[in-house]
Every structure is written in C-alpha cells, then in structure tokens.
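S.K.: Before we start, here is the structure in question, set down as structure tokens.
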Amino acid sequence: NCEAQVKGFPGAKYQKFPTEQAAKDFLGMTDPSGSSSIQTGTAQTIDISNRTNPIESIPSKGKKRSHNDMEVYNSISETSESTEPLVVYSDGACKGNGKVGSIAGIGVWWGNNDPRNLAERCPGDQTNNRAELIAICRVLETTPYRKGPLTIKTDSKYCIQCFNDWLPRWQQNGWRRADGKPVLNAPLIRYIAALLDARFRIGQKVFLEYIKGHAGFEGNEGADGLANVG
1 NCEAQVKGFP GAKYQKFPTE QAAKDFLGMT DPSGSSSIQT GTAQTIDISN RTNPIESIPS
61 KGKKRSHNDM EVYNSISETS ESTEPLVVYS DGACKGNGKV GSIAGIGVWW GNNDPRNLAE
121 RCPGDQTNNR AELIAICRVL ETTPYRKGPL TIKTDSKYCI QCFNDWLPRW QQNGWRRADG
181 KPVLNAPLIR YIAALLDARF RIGQKVFLEY IKGHAGFEGN EGADGLANVG
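In UniProt numbering, the protein residues as written are 1 to 230.
Shown next as structure tokens:
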C-alpha cells in the first residue's frame, strides 16, 4: 500500500488518484518512449538526467535523517535557482557484505562540516550495492531543484553501469537480467530514475562520475567515512 512505499522516508509526499494516467498527469510524466538517449561527457562522466522513466517509490524502511532538514534547506534556499555547478560525493559501505547479519550505511559528502552531509543506515536489504544506490538517491532527494548542473561522484562501477549500460535494456525487457531472473534493486533503480526525470524536466543536468575509491580523493574519503558511521 501507499504507507509501505513511503514509511521510513521523512518528508515523502503521496496522493490518491482515480487512475494511473491521472497520477502521471499530476507529476508531469510522459510516455517512456519519449525519453531521450544518454549524452556522454567523458569516459568516466555520464549525463544521466534524461535516461529515465517515472515509476514507484522505494518499498523499504529507514531511520531518520542525521540532521534537521529545514535547517539544510533554509541554508541553501537563496541559491537554489543558481546556475553554479554543484559537486557532491556519495558512497555506500557494508560490513559483512553478502553474509547473514551484514550492516550497511550510506554517506553523502558536500564538504568538511557541511550541514548537507549525510550519514545514515541503509534501508532494506543490507548490501553494498544497495547502499551505493541509496546514497545517490539521498543526494537527489535532499538537493533542491536548480538550473545549474549537479555532479555526483561515486566509486561504484555498479551504479555507473546501472544507469549508463543496463537501464535502457531493463526498461525494454521487463526488468530481467540476461539469465531471465528479476533485476536486483529494481524498485530502487526505478525510483532513482523518476527522481532524475523530474530534474531533467526543469532543465537540470545530472552527471554521474566514476572515481577510484580510496585513492586519496578528499570527497570520496569523506563520503566513505560517513557511510561507515551510518
């Protein structure tokens, strides 16, 4: 039900509609066939703003955010319409990944002591890949809409491949892997796609950039530290 879809995500909004088309009209969503193709920047940076189809929210639980949301939004509301580029680092961590009792966390790093930084427990399945996706999701959920481009830097090749290589195929084949099995984390990936679609519609470009982990990048180290605290 609707409560199950949004429980654990503070600030989530939902509304009842008589038909699916009415819901799409409310959100300004179009037919998936109208989606644009991806535009690549460099070999390691991809524009994922227009690579999306709208879909449902994440059916999982999570804990409260690690800071006061209103304080964060108020602190950057004056520049929310700025065209100045934004750069943020995201990371996921999982202790005991793939084992019973594993614990995963997510980190979002904007800068040292930045009030927008996040350190949270990963909701749902406790895996490293899911934590990496949730970290990107939280960036998109907490960053106000603006005209300037947003670059999300991640050390997850899995996330890069999800949106650069696999997403168009999954949208065409009913979200099945090459072996015919359902795609792991499909609801989450589809939700992120919807968040990206919303930004594309206001003209904001979102870039997902791969960086090597634990290679001395301050932002990556900061996001990793936050993920391990989450």
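Beta carbons: idealized from backbone N, C-alpha and C, even for Gly.
Just confirm the distance between the C-beta atoms of Leu133 and Leu196, as a whole number of angstroms; I'd bet it's less than 8 angstroms.
M.R.: For the purposes of this step, residue 133 is identified with residue 133 of the sequence shown, where counting begins at 1. For the purposes of this step, residue 196 is identified with residue 196 of the sequence shown, where counting begins at 1. Not a contact, Cβ separation roughly 12 angstroms.
S.K.: Which of the three DSSP states is assigned to Thr142 in this structure?
M.R.: In the sequence shown, residue 142 corresponds to position 142, counting from 1. Note: Thr142 maps to helix in three-state DSSP.
S.K.: Using the beta-carbon count (16 or more within 10 Å), is Lys153 buried or exposed?
M.R.: As a first step, residue 153 is located in the sequence shown; it is residue number 153 there, counting from the start. Per the 10 Å Cβ criterion, buried.
S.K.: Classify Gly92 as helix, strand or coil using the three-state DSSP reduction.
M.R.: Here residue 92 refers to the residue found at position 92 of the sequence shown. Here Gly92 sits in strand by DSSP.
S.K.: Count the other CB atoms within 10 Å of the CB of Asp155; is the residue buried (16 or more) or exposed (fewer)?
M.R.: Here residue 155 is taken as the residue at index 155 of the sequence shown, counted from 1. When all chains shown are included, Asp155 counts as buried.
S.K.: Provide the residue span of the alpha helix (DSSP H) that contains Leu226, from first to last.
M.R.: Looking up residue 226 in the sequence shown gives position 226. Its alpha helix (DSSP H) spans residues Glu218 to Val229.
S.K.: Going by the DSSP bridge assignment, what does Ala119 pair with across the sheet?
M.R.: The count along the sequence shown starts at 1 and reaches residue 119 at position 119. DSSP, once it has assigned bridges, lists Gly107 as partnering Ala119.
S.K.: Along the chain, where does the alpha helix (DSSP H) containing Ile160 start, and where does it finish?
M.R.: Locating residue 160 in the sequence shown gives position 160, counting from the first residue. Element bounds for Ile160: Lys157 to Gln161.
S.K.: Can you find the residues in the same chain that come closer than 8 angstroms, C-beta to C-beta, to Asp31, ignoring five residues on each side of it along the sequence?
M.R.: Against the sequence shown, residue 31 aligns to sequence position 31. Unreliable positioning characterises Asp31 in this predicted model, as indicated by a pLDDT of 33, which lies under 50. A coordinate reading is not provided.
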